[in-house]
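Have a look at the structure below before the remarks.
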Amino acid sequence: MSPLSAARRIPVAPSLLGLALARSRIELKQFFRERDAVIFIFAFPVIMLGIFGSVFDEDVGGGVSFTQYFVPGILAAGIMLSSFQSLAIGIAIERDDGTLKRLRGTPMPPAAYFFGKIGMVLVSSVLQIALLLALATLLLGVDLPSAPSRWATFGWVFVLGTAAGTVLGIAFSSVPRSGRSASAVVTPIVIVLQFISGVFFVYNELPGWMRAIAELFPLKWMAQGMRSVFLPDSYQSVEPDGSWQLGLGAAVLAAWTVLGLVACLRTFRWSRRDVG
Amino acid sequence: MPTQWTDTGPADASGGTLPVRIRGLIKRYGGSVAVDGIDLDVGRGEVLALLGPNGAGKTTTVEVLEGYRIRDGGEVTVLGEDPAHAGRAWRTRIGIVLQSSQDNAELTVEELVRHFAAFYPAPREPDEVIAAVGLQDKRRTRTRQLSGGQRRRLDVALGVVGRPELLFLDEPTTGFDPEARRAFWELIRGLRGDGTTILLTTHYLEEAEQLADRVAVLSGGRIVGLGTPEDLGGRAQREATVVWEDADGRHEVRTPTPTQLVTELSRRHESGEIPGLQVLRPTLEDVYLSLIQGSAGSASVASDSMGAER
Numbered sequence: 019m020s021p022l023s024a025a026r027r028i029p030v031a032p033s034l035l036g037l038a039l040a041r042s043r044i045e046l047k048q049f050f051r052e053r054d055a056v057i058f059i060f061a062f063p064v065i066m067l068g069i070f071g072s073v074f075d076e077d078v079g080g081g082v083s084f085t086q087y088f089v090p091g092i093l094a095a096g097i098m099l100s101s102f103q104s105l106a107i108g109i110a111i112e113r114d115d116g117t118l119k120r121l122r123g124t125p126m127p128p129a130a131y132f133f134g135k136i137g138m139v140l141v142s143s144v145l146q147i148a149l150l151l152a153l154a155t156l157l158l159g160v161d162l163p164s165a166p167s168r169w170a171t172f173g174w175v176f177v178l179g180t181a182a183g184t185v186l187g188i189a190f191s192s193v194p195r196s197g198r199s200a201s202a203v204v205t206p207i208v209i210v211l212q213f214i215s216g217v218f219f220v221y222n223e224l225p226g227w228m229r230a231i232a233e234l235f236p237l238k239w240m241a242q243g244m245r246s247v248f249l250p251d252s253y254q255s256v257e258p259d260g261s262w263q264l265g266l267g268a269a270v271l272a273a274w275t276v277l278g279l280v281a282c283l284r285t286f287r288w289s290r291r292d293v294g
Numbered sequence: 326m327p328t329q330w331t332d333t334g335p336a337d338a339s340g341g342t343l344p345v346r347i348r349g350l351i352k353r354y355g356g357s358v359a360v361d362g363i364d365l366d367v368g369r370g371e372v373l374a375l376l377g378p379n380g381a382g383k384t385t386t387v388e389v390l391e392g393y394r395i396r397d398g399g400e401v402t403v404l405g406e407d408p409a410h411a412g413r414a415w416r417t418r419i420g421i422v423l424q425s426s427q428d429n430a431e432l433t434v435e436e437l438v439r440h441f442a443a444f445y446p447a448p449r450e451p452d453e454v455i456a457a458v459g460l461q462d463k464r465r466t467r468t469r470q471l472s473g474g475q476r477r478r479l480d481v482a483l484g485v486v487g488r489p490e491l492l493f494l495d496e497p498t499t500g501f502d503p504e505a506r507r508a509f510w511e512l513i514r515g516l517r518g519d520g521t522t523i524l525l526t527t528h529y530l531e532e533a534e535q536l537a538d539r540v541a542v543l544s545g546g547r548i549v550g551l552g553t554p555e556d557l558g559g560r561a562q563r564e565a566t567v568v569w570e571d572a573d574g575r576h577e578v579r580t581p582t583p584t585q586l587v588t589e590l591s592r593r594h595e596s597g598e599i600p601g602l603q604v605l606r607p608t609l610e611d612v613y614l615s616l617i618q619g620s621a622g623s624a625s626v627a628s629d630s631m632g633a634e635r
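Note that the protein sequences, when read in sequence, are chains F and G.
Everything in the first sequence is counted per the numbering used here, starting at 19 for the first residue and increasing by one.
Everything in the second sequence is counted per the numbering used here, starting at 326 for the first residue and increasing by one.
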């Protein structure tokens with residue numbers, strides 16, 4: 019071990035933007051090196067699309083095949099996994115293993131940490147969507163829409179869905195009692211939501227009471243918004259309400275985002291609950 | 326009740342603000358008192374060791390100073406500010422090495438040190454810090470693959486890369502083998518040589534003796550002894566024990582004047598050598614144990630309910 023020199027550079031306080039980018043890079047490195055995250059968050063929707071798209075091909079009404087129907091659903095599910103599941107589990111582990119406490123002891127502004135998480139969610143989610151769309155078009159023969167208005171809808175569903183999933187994931191990370199239990203607490207919720215929100219099953223074929231529950235949560239509205247992008251307008255008549263309900267969907271996602279943000283601000287902790 | 330020691334100030338306090346000044350610090354968890362009225366100063370460039378059994382209040386005290394915990398009473402000033410309200414600029418001046426952790430497992434040594442350097446306005450050169458902690462061969466190794474001792478040296482690297490004026494080390498060598506511990510001590514001596522003020526908690530007496538300018542012994546949330554390792558608890562003034570053997574068997578005599586006794590004995594032994602002669606001074610451990618036991622009455626109250634600290 020050699021001595022440390024005492025020479026000083028001219029002090030320049032690091033900028034928030036620079037730190038946010040540095041945090042995003044380090045978060046992405048960690049995410050893609052963690053096998054669990056890569057399989058159960060990043061690759062899972064791609065694998066599901068490969069399986070479901072290859073196995074089921076019956077008509078689900080309105081001249082739409084199940085594969086076609088499944089693409090918007092799994093895109094919505096992927097957005098939820100990359101934001102909500104990724105952060106709820108990841109931050110619970112970081113709170114438990116001391117990552118958060120260590121960061122809190124440095125001059126890193128807390129905002130840089132959250133911007134880093136947002137950066138990680140955006141990059142991993144966009145990569146995942148690119149993979150899903152490539153698989154859908156190249157291997158499963160699904161046609162992508164060409165109208166710019168449809169891609170505009172795709173854009174706001176992605177942005178609002180990611181925003182809601184991100185703030186809710188950060189807030190929900192306080193619920194598991196330990197990092198080890200995080201996956202067991204978060205994953206079943208996400209799986210149940212996928213079953214009742216029109217991802218794995220055709221939504222209008224679900225019982226009314228199940229749809230009533232799904233309507234309370236964001237995923238149903240994200241999936242329906244994505245259907246409006248990828249399915250022909252004629253399919254609207256098959257939707258339970260006879261419409262894509264885009265206005266209501268946007269309102270529900272915005273409401274969840276606000277709710278999640280308030281929950282984050284009120285409940286976020288940098289250390290474990292059992293530490294006084 | 327144990328004696329409450331009042332800190333008379335570190336030996337080298339040369340005016341100006343002290344890096345750490347504590348007066349009457351109190352911290353409770355629920356109904357139990359973890360820190361029960363501590364007074365303590367740490368001088369600039371000093372290495373102070375907080376020594377004490379588990380649950381004595383060491384980590385609680387340090388975490389109040391680091392700004393992680395809010396005190397329930399008393400005055401605390403760290404680098405001129407109240408840690409409960411100090412901001413980002415203050416955090417650039419302190420370095421924290423927490424108790425052992427398992428975080429950031431997937432990042433390499435070099436990635437982590439470089440990343441943490443970016444948080445500070447005037448960091449040390451990351452390569453230099455990695456070399457200083459002896460991890461240059463492990464720079465591309467992921468944290469999860471490091472041994473316990475290497476992991477701890479990485480913790481120190483992350484704690485010092487911001488060039489702190491004041492460094493907190495919480496049980497830095499727990500679980501080290503003797504060789505790793507000695508290498509670690511060299512590292513800490515190097516930092517001290519740079520003028521870094523260091524507040525160290527440990528339950529290894531040898532570590533305190535090797536590294537610290539002064540030792541504060543905590544028990545039951547109170548300081549029960551404070552001084553240089555040589556003088557702690559009046560160690561220098563304590564009686565020595567002279568041990569020898571003769572035809573009657575083994576003798577043990579406690580005396581303030583061992584030299585006189587040995588001279589006397591050597592006069593009695595015409596052959597020159599006194600069989601089994603030993604002159605024993607109380608070790609730091611003897612002093613430490615007597616200090617801890619002296620406060621055991623109050624220590625048991627707090628240590629029973631100290632689950633919250635660890």
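The beta-carbon is built from N, C-alpha and C at its ideal position, and this holds for glycine as well.
Check	Outcome
Enumerated in chain order, which unbroken segments of the alpha helix (DSSP H) with a length of 4 residues or greater are wholly contained in the segment 70 to 99 of chain F?	84 to 98
Three Cβ pairs or more, each shorter than 8 Å: is that satisfied between the segment 168 to 188 of chain F and the segment 102 to 116 of chain F?	yes
Which of the three DSSP states is assigned to G:Ile395 in this structure?	coil
DSSP has G:Phe493 in a bridge; who is on the other side?	G:Ile421, G:Leu524
Classify G:Leu460 as buried or exposed, calling it buried when 16 or more other Cβ atoms lie within 10 Å of its own Cβ.	buried
Applying a beta-carbon distance threshold of less than 9 Å, which residues of chain G neighbour F:Glu45?	Residues of chain G passing the Cβ test: none, with the nearest at roughly 10 Å.
What are the start and end residues of the alpha helix (DSSP H) that includes G:Tyr354?	No alpha helix (DSSP H) contains G:Tyr354, which is instead part of the beta strand (DSSP E) from 345 to 354.
Per DSSP, which one or two residues make a beta bridge with G:Gln603?	G:Val568
Run down chain F in chain order and give the residues with a C-beta less than 8 Å from the C-beta of G:Thr522.	Residues of chain F passing the Cβ test: none, with the nearest at roughly 14 Å.
Is there a C-beta anywhere in chain G that falls below 9 Å from the one on F:Met19?	Because the pLDDT of F:Met19 is 49, which lies under 50, any placement of that residue in the model is unreliable, and the question is left without a value.
If the criterion is Cβ atoms closer than 9 Å, does the pair G:Leu350 and G:Val358 meet it?	no
Below 8 Å between beta carbons is the criterion; list the residues of the segment 105 to 129 of chain F that meet it against any residue of chain G, in chain order.	Glu112, Asp115, Gly116, Thr117, Lys119, Arg120, Arg122, Gly123, Thr124, Pro125, Met126, Pro127
Measure the alpha-carbon distance for G:Glu534 versus G:Glu610 and round it to whole angstroms.	10 Å
Just verifying my parser: in three-state terms, what is the DSSP assignment at G:Gly484?	helix
Going by DSSP, what residues sit across from G:Arg539 in a beta bridge?	G:Leu373
To the nearest angstrom, how far is it from the Cα of F:Met240 to the Cα of F:Glu45?	26 Å
Return the bridge partner residues of G:Thr402 from the DSSP annotation.	G:Arg346
Can you pull the chain G neighbours of F:Pro32, defined as C-beta to C-beta under 8 Å?	Ala443, Phe444, Tyr445, Pro446
Report the three-state DSSP secondary structure of G:Ser357 (helix, strand or coil).	strand
Give the residues from the segment 404 to 420 of chain G that approach chain F closer than 7 Å (Cβ to any Cβ), ordered along the chain.	Arg413, Arg416, Thr417
State the start and end residues of the unbroken beta strand (DSSP E) segment that holds G:Glu577.	574 to 580
Cβ of G:Val387 within 9 Å of Cβ of G:Val401?	no
Counting only the same chain and skipping the five closest in sequence on each side, list residues whose C-beta sits under 8 Å from that of G:Pro497.	Val422, Arg477, Asp480, Val481, Phe509, Ile513, Leu525, Thr527
Any idea what DSSP makes of G:Leu586, helix, strand or coil?	helix
Would you grab the beta carbon distance between G:Phe493 and G:Glu391 for me? Rounded to a whole angstrom, and I think it's under 8 Å.	6 Å
Does the Cβ of F:Asp115 have 16 or more other Cβ atoms within 10 Å, making it buried, or fewer, making it exposed?	buried
For G:Gln427, which residues in chain F fall below 8 Å Cβ to Cβ?	Asp115, Gly116
With 8 Å as the limit, tell me which residues of the segment 511 to 536 of chain G have their beta carbon closer than that to any beta carbon of chain F; keep them in chain order.	Glu511, Leu512, Gly515, Leu516, Gly518, Asp519, Gly520
At 8 Å on the CB atoms, spell out the chain F contacts of G:Glu436, in chain order.	Ile44, Lys47
With 8 Å as the limit, tell me which residues of the segment 495 to 511 of chain G have their beta carbon closer than that to any beta carbon of chain F; keep them in chain order.	Ala508, Glu511
Would you kindly report the start and end of the unbroken beta strand (DSSP E) that includes G:Val549?	547 to 552
Whose C-alpha, out of G:Asp495, G:Ser472, G:Arg507, is nearest the C-alpha of G:Lys383?	G:Asp495
Compute the Euclidean distance between the alpha carbons of G:Gly399 and G:Ile347, then round it to the nearest angstrom.	8 Å
In chain F, which residues lie with their C-beta within 7 Å of the C-beta of G:His440?	Ala40, Ile44
When you compare the CB of G:Glu589 with every CB in chain F, is at least one pair closer than 9 Å?	no
Going straight from the alpha carbon of G:Arg568 to that of G:Leu557, what length do you get?	A quick correction: the sequence has Val, not Arg, at residue 568 of chain G. Distance between the alpha carbons of G:Val568 and G:Leu557: 24 Å.
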